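Numbering (this note's numbering), first residue to last: 6 to 452.
Ideal Cβ positions, reconstructed from N, Cα and C, are used throughout, including at glycine.
Note that the structure is predicted; figures quoted are calculated from it, not measured.
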């Protein structure tokens, strides 16, 4: 049975955490706007590259979240603790390798992917990428530990750490940009400092935690622990890698449209993330709720009811945030101090996406989070990859090279991708053995 009290106890800390993270991202973009549109464009293209790498960590964290949630649902705390330690070790080691790669080959990567950008944009991008790469291991540690805590039902600790981390980010950023005049380097230093702080804090909490904790657990990876995490995390990682790789390719198409389009795309994306805070929050909460339900052998009708409520709440919350934000858009956009041509593009793409987002996004993203929590990552990956590349990427290429739609066309195909994903996931949910109720007695393989 769907426990509304448990749901809202999980939701509100995640909402606050996501709201803070998104708001701080907007504040950082606003601070960078003081350096100029070239700085905004540089941070934007590196952020698209960072998402590609960050997804590897969050996907692995998703696998750990599901396994921890199912283990706790089955009453197996020792397995939950072992999963927390070993998955974090593997993820951090992977992050160190990724960070070193980008520190060594970052300049080549920027020139290869964004060769059409202005020279100043590329120089700023190389600087910001170096600081981002240094922060990868700390981001990985925080992502894994936060995922483990959410899987155990503790969403408050990650929220509190995010609050402090974001305060550090803004404080250090303001100091470096406004007082010291370090520009894009200041943004990078603030990012690195905040991620180091968040990793150290969450590690301390997880070590001393009364629930899931990492005390006296072996650091040596064990196949029976890592394999279930990888069964969920690897398909999710491939999904996100190709999905964000597609977004990176689209960013190169936007680069070809000019610096104004790059800046408009970055600012519009930042505002869209703000409006979509409830959606991203529900997507995280869904993993814990459905994962614990599966661990407790809740299948069929009750599980379908839970999933319908999760997607329904997402629709309602997105409608509310959209209705609140639409009248405020002129004020919010003005905070970025964009030129008139950039401002016109921002309003144009936002009017396209905000009309459909409350109705399309929940089915396209919350529903697959629920499906993945049953242990079925493969079908989610297949749908996401095919839809991204055949709808969003191909559509963006067609828009840039064969139409005069510009940035509007890219965002139209973005929305079309949501439609295709939503239809495919509805079909898959009806055939899922756990959601459909065809597998009442069989326990999930990853518990």
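Quiz item: Just the Cα atoms here: how many angstroms apart are residue 283 and residue 323?
Solution: On the chain shown, position 278 is the one that residue 283 refers to. On the chain shown, position 318 is the one that residue 323 refers to. Roughly 6 Å separates the two Cα atoms.
Practice problem: Keeping to the same chain, check which residues put their C-beta closer than 7 Å to that of residue 437; ignore five residues upstream and five downstream. | Solution: Here residue 437 corresponds to residue number 432 of the chain shown, with the count starting at 1. Correct list, in chain order: 376, 379, 381.
Self-check item: residue 344 versus 361, 79, 272, 401, residue with shortest Cα-Cα distance
Solution: Against the chain shown, residue 344 aligns to sequence position 339. Looking at the Cα atoms, 272 is the closest of the given residues.
Quiz prompt | residue 330 at chain C interface by Cβ criterion, 8 Å | solution = Of the protein chains in the structure, only one exists, and it is not chain C.
Quiz item: Leaving out the 5 sequence neighbours to the left and right, which residues in its chain are closer than 8 Å to residue 373 when beta-carbon positions are compared?
Solution: Here residue 373 refers to the residue found at position 368 when the chain shown is read from its first residue. Here the set comprises 385, 388, 389, 426, 430.
Exercise. Provide the residue span of the alpha helix (DSSP H) that contains residue 397, from first to last.
Key: Start at 1 with the first residue of the chain shown, and residue 397 comes out as number 392. No alpha helix (DSSP H) holds residue 397; DSSP gives it neither H nor E.
Exercise. State the start and end residues of the unbroken alpha helix (DSSP H) segment that holds residue 159.
Key: Counting from 1 along the chain shown, the entry for residue 159 is found at position 154. First-last for residue 159: undefined, no H or E at that position.
Exercise. Classify residue 346 as buried or exposed, calling it buried when 16 or more other Cβ atoms lie within 10 Å of its own Cβ.
Key: In the chain shown, counting from the first residue as 1, residue 346 sits at position 341. Result: exposed.
Quiz item: Hey, residue 67 and residue 238 are a contact pair by Cβ (cut 8 Å); roughly how many whole angstroms apart?
Solution: Within the chain shown, the letter at position 62 stands for residue 67. Within the chain shown, the letter at position 233 stands for residue 238. That belief holds up - the Cβ atoms of residue 67 and residue 238 are roughly 6 Å apart, short of 8 Å.
Quiz prompt | Supposed contact pair residue 312 and residue 440 - C-beta distance, whole angstroms, cut 8 Å | solution = By one-based count along the chain shown, residue 440 stands at place 435. By one-based count along the chain shown, residue 312 stands at place 307. 7 Å between Cβ atoms; contact.
Quiz item: From residue 209 to residue 94, what does the alpha carbon distance come to, in whole angstroms?
Solution: Here residue 209 refers to the residue found at position 204 of the chain shown. Here residue 94 refers to the residue found at position 89 of the chain shown. Residue 209 and residue 94: Cα-Cα distance of roughly 15 Å.
Quiz prompt | Supposed close pair residue 36, residue 178 - CB separation, criterion 8 Å | solution = Translated into positions along the chain shown, residue 36 becomes position 31. Translated into positions along the chain shown, residue 178 becomes position 173. The Cβ separation is near 6 Å, so the contact holds.
Practice problem: Look up residue 79 in the DSSP assignment and say whether it is helix, strand or coil. | Solution: Position 74 of the chain shown, counted from the first residue, corresponds to residue 79. In this structure, residue 79 counts as coil in the three-state DSSP scheme.
Quiz item: To which residues of the same chain is residue 115 closer than 6 Å at the C-beta, ignoring the five residues directly before and after it?
Solution: Mapped onto the chain shown, residue 115 falls at position 110. Within the same chain, residue 115 has close Cβ partners 127, 130, 131.
Self-check item: Cβ-Cβ distance between residue 432 and residue 256 below 8 Å
Solution: Taking the chain shown and counting its residues from 1, one reaches residue 432 at position 427. Taking the chain shown and counting its residues from 1, one reaches residue 256 at position 251. Result no, Cβ atoms of residue 432 and residue 256 do not sit closer than 8 Å.
Quiz item: Looking at the structure shown, is residue 418 part of a helix, part of a strand, or coil, going by DSSP?
Solution: As a first step, residue 418 must be located in the chain shown, where it is residue number 413. Three-state result, residue 418: helix.
Quiz item: Under the rule that 16 or more other beta-carbon atoms within 10 Å means buried, what is residue 496, buried or exposed?
Solution: Missing from the structure shown is residue 496; the chain here goes from 6 to 452 and no further.
Quiz item: Measuring CB to CB, does residue 411 end up less than 8 Å from residue 267?
Solution: By 1-based counting over the chain shown, the position of residue 411 is 406. By 1-based counting over the chain shown, the position of residue 267 is 262. No, these two residues do not count as a Cβ contact at 8 Å.
Quiz item: What's the C-alpha gap between residue 333 and residue 77?
Solution: Here residue 333 refers to the residue found at position 328 when the chain shown is read from its first residue. Here residue 77 refers to the residue found at position 72 when the chain shown is read from its first residue. Each residue's Cα considered, the two are about 43 Å apart.
Quiz item: Pick from 241, 398, 308, 104: whose alpha carbon is nearest that of residue 370?
Solution: Position 365 of the chain shown holds residue 370. Of the candidates 241, 398, 308, 104, the one whose C-alpha sits nearest the C-alpha of residue 370 is 241.
Quiz item: Taking buried to mean at least 16 other C-beta atoms within 10 Å of its own C-beta, is residue 109 buried or exposed?
Solution: Start at 1 with the first residue of the chain shown, and residue 109 comes out as number 104. Classification for residue 109: exposed.
Quiz item: What residue does the alpha helix (DSSP H) around residue 212 start on, and which one ends it?
Solution: The residue you call residue 212 lines up with position 207 of the chain shown. Start and end: 189-213.
Practice problem: With residue 364 as the anchor, note down where its alpha helix (DSSP H) starts and where it stops. | Solution: As a working note, residue 364 is residue 359 in the chain shown. 345-366 is the extent of the alpha helix (DSSP H) around residue 364.
Quiz item: Do the CB positions of residue 264 and residue 43 come within less than 8 Å of each other?
Solution: Stepping through the chain shown from its first residue, residue 264 is reached at position 259. Stepping through the chain shown from its first residue, residue 43 is reached at position 38. Yes, these two residues count as a Cβ contact at 8 Å.
Self-check item: Proximal residues to residue 449 (C-beta, below 6 Å), its chain only, five neighbours per side dropped
Solution: By 1-based counting over the chain shown, the position of residue 449 is 444. Because the pLDDT at residue 449 is just 44, under 50, the model does not fix this residue reliably, and the point stays unresolved.
Exercise. Report buried or exposed for residue 339, applying the criterion of at least 16 other Cβ atoms within 10 angstroms of its Cβ.
Key: Position 334 of the chain shown, counted from the start, is the residue given in the question as residue 339. Result: exposed.
Quiz item: Just to confirm, are residue 276 and residue 337 a CB contact at a threshold of 8 Å?
Solution: Along the chain shown, one-based indexing puts residue 276 at 271. Along the chain shown, one-based indexing puts residue 337 at 332. Contact flag set, yes.
Exercise. Specify whether the region 392-406 and the region 346-356 touch according to this definition: at least 3 beta carbon pairs, one from each stretch, less than 8 Å apart.
Key: no
Quiz item: How big is the Cα-Cα spacing for residue 4 and residue 188?
Solution: Lying before the first or after the last residue shown, residue 4 is absent from the chain, which here runs from 6 to 452.
Practice problem: Alpha carbon to alpha carbon, how far is residue 404 from residue 2? Give it in angstroms, no decimals. | Solution: The first residue shown for the chain is 6 and the last is 452, placing residue 2 beyond what the model contains.
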